[in-house]
Amino acid sequence: MRLFVAAYPPAEACDDLAARLAGLHVMRAGERGVNTRPARRETWHVTLAFLGDVPDEKAPRAVTALERAAAGPPPTLRLAGGGRFGRGRFTILWVGVDGDRDGLVRLSRSVRRELKRERLPFDDRPFKPHLTIARPGDRIDRAEVEADRADLAAYAGPEWPVSTVELIRSHLGPNPWYERVAGYSLVN
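If you want it as structure tokens, here you go:
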């Protein structure tokens, strides 16, 4: 199964972000018949660790790791700013994360440390906290992507505490969806 560990923003933060995104080129491209692959609201999350494909029999070890990692205090965050990863057909547009970034980095490190302790594989690239909003690739003009990025630079959503961390299974395909495997509340 394909797994990752995530923190989900609450409804209030998602409402605020959705209102801001509505005016972006990448979101309005569908009106012109262009699919910029916007992320569905119910999938908006901040990835703390990406495990990738994990054999079914090892999934309980990921749950154990997550339970241990959730022992720290909850960081208070806000979605703010934005940018893009990649170029051309690999372009991804994202919203950044502000607030207690040190606390979020500690949480991600804790998750990764516990996954390593359980001898589970994970992507060990440097942690870059963000929330993916679309994968436009090269389906819209680069100038439109840059205009959206500039618009997002001034965005600052409401603050919210990361109250839980969740182990998520992703199901790929034309309409990908996420399934919650486990979740734990962060404690002081």
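Okay, so the sequence shown: first residue is 6 according to this note's numbering, each after it adds one.
Cβ coordinates follow ideal geometry from the N, Cα and C atoms, glycine included.
Item, Value
"Residue closest to P163, alpha-carbon to alpha-carbon, out of E17, V10, M6", "E17"
"A74 to E119 span [Cα, whole Å]", "6 Å"
"Residues of its chain near A34, where Cβ-Cβ distance is below 6 Å and the 5 sequence neighbours each way are ignored", "T41, I145"
"Alpha carbon of F132 to alpha carbon of V39, nearest angstrom", "31 Å"
"Alpha-carbon spacing of E151 relative to E36, whole angstroms", "19 Å"
"Distance, P141 Cα to A161 Cα", "23 Å"
"Cβ shell of P52 (< 6 Å), same chain only, five flanking positions each side left out", "A quick correction: the sequence has Thr, not Pro, at residue 52. For T52, where only same-chain residues beyond five positions count, the Cβ hits under 6 Å are F9, A11."
"Rounded straight-line distance, which links the Cα of G87 to that of H30", "14 Å"
"Continuous alpha helix (DSSP H) stretch holding D20: start and end", "16 to 26"
"Same chain only: Cβ atoms within 7 Å of P15, ignoring 5 sequence neighbours per side", "W165"
"Rounded C-alpha distance that separates G101 from A187", "25 Å"
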